[in-house]
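As given, the protein sequences belong to chains A and B, one line each in that order.
For the first sequence, the residue numbers in numbering that gives the first Met the number 0 are 0 to 550.
For the second sequence, the residue numbers in numbering that gives the first Met the number 0 are 0 to 103.
The block underneath contains the structure these notes are about, expressed in structure tokens.
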Amino acid sequence: MYIHDEFDSTLLKERVDEFRDQVRRRLSGELTEDEFKSLRLMNGVYLQLHAYMLRIAIPYGTLSSTQMRMLAHVARKYDRGYGHFTTRQNIQFNWIKLSDLPDATADLASVGVHGIQTSGNCIRNVTTDQWAGVAPGEVDDPRIWAELLRQYSTLHPEFSFLPRKFKIAVTASDHDRAAVKIHDIGLRLHRNGAGEMGFEVLVGGGLGRTPFIGKTIKPFVARRDILTYIEAILRVYNQYGRRDNIYKARIKILVHELGIDKFAREVEDEWLSIKDGALALDEAVIADIRSRFKYPAYEKLTDNPDELKQALADPTFKAWYRNSVSHHRVPGYGIVTLSLKPVGGPPGDATAEQMDAIADLADRYAFGEIRVGHEQNLCFPSVAKRDLPALWRGLDAIGVATPNVNLVSDIIACPGLDYCSLANARAIPVAQEITRRFADHDTANLIGRLHINISGCINACGHHHVGHIGILGVEKNGEEFYQVTIGGRADEGAVVGTLIGPAVPYAQVANVVEDIVEAYLDLRLRPDELFIDTVKRLGVEPFKERAYATG
Amino acid sequence: MTSPLQQKLKITGPSIVTANRTGDGAVIYRTSSNGWSTELSDAAVVRTADDAKALWAEAMADDLGAIGSYIAPVEVGSDGSIEPGNIREAIRLRGTTFALPASA
């Protein structure tokens with residue numbers, strides 16, 4: 000956990016007071032909606048189909064049990080008893096009243112949580128690997144660098160009105176769980192040939208209307224230089240990024256139009272003028288941030304305790320253990336993923352009761368720490384393996400132990416037309432129907448790793464471009480249709496999927512997914528050839544033939 | 000920027016004006032008595048572009064009461080009943096198309 004300083008708590012308190020006054024003036028008519036809109040958006044308050052929506056940032060996906068209880072409290076007191084975890088390590092409350100927002104934000108601020116910069120053309124919540132700090136083989140804890148960027152970017156005067164929103168993600172592992180290649184800036188911590196730790200910097204990734212995979216602008220930036228280099232990128236973007244056309248305003252368009260080499264030269268010129276300035280990092284600054292992350296006091300434990308051995312005789316526990324528990328860097332401990340993807344449930348939703356119970360279980364078994372991943376699941380980063388059977392019983396009792404992590408029913412989906420004012424089609428009911436088709440865990444395990452991503456519009460909040468199977472909702476003559484892509488991926492080998500054919504109506508989407516999966520099972524060379532590898536080997540044609548054969 | 004009211008408006012059938020209530024964001028419909036209602040059945044139905052623009056202008060003038068007003072299609076039954084004209088408006092009227100997850 001990160002321990003915030005007095006500056007953070009003062010900032011949040013002042014911001015809540017300011018927002019309370021803004022809401023008061025709006026409700027009294029002193030402010031028009033035109034005047035108020037940008038103010039509410041700066042605090043994460045959107046207007047959706049049915050109500051206002053409050054988006055709360057969870058910096059680098061790390062939550063304490065206390066913060067989780069506060070999310071439950073807000074869900075219960077001010078909303079309809081649940082929240083929705085998003086693909087950017089945020090949580091959204093969908094039914095909140097404007098008149099309740101000052102009190103809700105004050106309650107959240109009391110535990111260091113807020114919605115600042117979860118909207119607007121600024122640097123958004125900096126995201127990272129939900130296994131940060133516990134993943135085996137990690138170069139460093141990427142949250143330290145995400146926190147540095149949080150401090151740097153919060154209310155940054157020069158970058159609060161960029162041409163468009165700006166998203167940064169950080170990873171420090173060979174396997175990228177933070178999807179850094181689809182961010183405006185992606186940072187990959189690694190060591191160079193001399194053994195020095197630094198960053199590969201990628202730029203210009205993003206999905207939406209015009210998807211691009213990020214390009215490496217500099218293979219190695221020393222830690223001392225990372226802030227100045229990022230500032231140079233932001234300055235070039237701020238100067239040259241388009242403001243005349245919202246669809247061409249993201250940095251990915253600028254990088255594409257200039258070309259990565261020319262863009263890199265512009266950045267280099269800017270960087271050379273500032274690299275030895277005030278933002279050149281002093282090791283003491285990093286050491287101070289590092290000291291504010293509190294790590295568990297790990298015990299020396301056996302990696303295969305009796306409690307675990309005995310529990311593995313239970314096939315239900317065994318299925319969950321194999322699916323949801325991952326290797327930890329410390330022997331005797333495991334990383335536990337909590338599935339927020341129950342069969343037939345909305346992906347990423349958690350009720351207030353579940354949040355409270357998760358907080359209690361985190362206190363009992365996971366050092367009070369919870370993580371949020373971009374796949375819309377939660378994670379306990381450190382659980383003693385001897386405690387896994389008891390934890391599993393607790394998780395199962397509240398419905399978050401479905402053993403489907405990374406399987407076909409672990410679907411990423413945006414809120415879609417059921418909530419979102421931008422959406423053209425529903426996403427959640429499509430996900431629900433697909434999970435029902437693949438409810439059998441044996442079948443899901445037979446299929447193996449398969450990521451389905453669903454977006455209800457071209458803005459791609461469900462990251463459909465990089466789903467192994469991607470589903471995009473579109474509207475045709477007032478009806479919902481869905482385009483299907485295959486072969487996308489969001490990890491270190493990120494690639495945009497390929498469209499397999501004409502859009503299909505709502506009622507046929509799950510059938511098409513079933514056809515694609517059946518084709519894969521027939522076409523794979525061996526059981527351990529993953530869906531994504533079969534598509535890469537064969538291309539889309541065999542899948543297209545199967546998906547459209549039955550009409 | 001041209002005001003929406005100055006822009007060409009195409010009405011292809013019966014329409015209403017809808018918005019969200021400022022205080023709580025609830026879905027509301029403009030009535031024929033210069034007010035708002037949460038009931039679609041209370042909505043004023045217009046059938047020409049001029050009438051739609053006039054109703055919308057009234058709605059937009061009430062900045063304190065409502066936000067994000069716009070013209071939406073409806074279907075009017077032979078008995079005068081009003082139904083949403085598309086899935087978006089059906090969802091706004093009836094709520095999500097799946098059960099909410101809250102157990103509370």
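Cβ atoms here follow ideal geometry from the backbone N, Cα and C, with glycine treated the same way.
Using a CB distance cut-off of 9 Å, Leu188/A does not count as an interface residue toward chain B. DSSP places Phe198/A within a strand segment (E or B) once states are collapsed to three. Residue burial is scored here from C-beta neighbours: Gly477/A has fewer than 16 other C-beta atoms within 10 angstroms and is therefore classed as exposed. Nearest neighbour of Gln375/A by Cα position, chosen from Gly461/A, Val329/A, Ile334/A, Val254/A, turns out to be Gly461/A. By the Cβ rule, the segment 219 to 232 of chain A does not count as touching the segment 498 to 509 of chain A, because fewer than three pairs are nearer than 8 Å. Taking C-alpha positions only, Pro380/A is separated from Ala42/B by approximately 53 Å. In the DSSP annotation of this structure, the continuous segment of the beta strand (DSSP E) that includes Lys475/A starts and ends at 468 to 475. Considering only Val511/A, Val324/A, Met354/A, Leu522/A, the residue with the shortest C-alpha distance to Gly538/A is Leu522/A. When the five nearest sequence neighbours on each side are left out, the beta carbons in the same chain lying within less than 7 Å of the beta carbon of Phe160/A are those of Asn120, in order along the chain. By the CB criterion at 9 Å, Thr37/B and Arg25/A fall outside the cutoff.
In this structure, the alpha-carbon of Glu157/A lies about 19 Å from that of Asp243/A. The Cβ of Thr95/B sits closer than 9 Å to at least one Cβ of chain A. Scanning Ala518/A, Phe480/A, Val511/A, Ile515/A for the CA closest to the CA of Ala502/A turns up Phe480/A.
As the crow flies, the alpha-carbon of Lys251/A is around 15 Å from that of Ile229/A.
Within chain B, the residues placing a beta-carbon under 7 Å from that of Thr31/A are Asp62, ordered along the chain. Residue contact with chain A for Val16/B: absent (no Cβ-Cβ distance below 9 Å to any residue of chain A). Near chain A, meaning a CB-to-CB distance below 7 Å, the residues of the segment 29 to 62 of chain B are Asp62.
The way I'd put it, the segment 416 to 433 of chain A doesn't touch the segment 172 to 192 of chain A; fewer than three beta-carbon pairs between them come closer than 8 Å. Its Cα nearest to that of Leu40/A, the residue Leu97/A stands out among Gly80/A, Arg385/A, Leu97/A. Judged by their CB atoms, Trp94/A and Arg75/A are not nearer to each other than the 9 Å cut-off. The DSSP-derived three-state label of Asp4/A is coil.
Residue pairing by DSSP puts Val494/A in a beta bridge opposite Arg488/A. Beta-carbon to beta-carbon, Leu188/A and Asp260/A are separated by about 24 Å, too far to satisfy the 8 Å threshold. Under the Cβ distance rule, Thr85/A does not count among the residues neighbouring chain B, no pair being separated by less than 9 Å. Boundaries of the alpha helix (DSSP H) around Trp270/A: 259 to 273. In the DSSP secondary-structure assignment, Met52/A is bridged to Tyr45/A. When the five nearest sequence neighbours on each side are left out, the beta carbons in the same chain lying within less than 7 Å of the beta carbon of Glu199/A are those of Arg187, His189, Thr215, Pro218, Phe219, in order along the chain.
Comparing C-alpha distances from Ala177/A to each of Arg87/A, Gly398/A, Glu528/A shows the shortest one belongs to Arg87/A. Ala50/A reaches chain B at Asn19, Asp23, Gly24, Ala25, counting residues in chain order whose Cβ is nearer than 8 Å. Lys543/A: member of the alpha helix (DSSP H) spanning 540 to 548, first to last residue. At a beta-carbon threshold of 9 Å, none of the residues of chain B lie near Asp409/A; the nearest stands roughly 17 Å away. In this structure, DSSP gives Asn510/A a helical state, which the three-state scheme calls helix. Excluding sequence positions up to five before and after Ala145/A, its CB lies within less than 6 Å of the CB of Tyr59, Val125, Thr127, Val169, all in the same chain and listed in chain order.
Taking 9 Å as the threshold, the shortest C-beta distance from Ile273/A to chain B does not fall below it. In this structure, His467/A keeps its C-beta atom at 9 Å or more from the C-beta atom of Gly492/A. Beta-bridge annotation (DSSP): Asp348/A is paired with His83/A.
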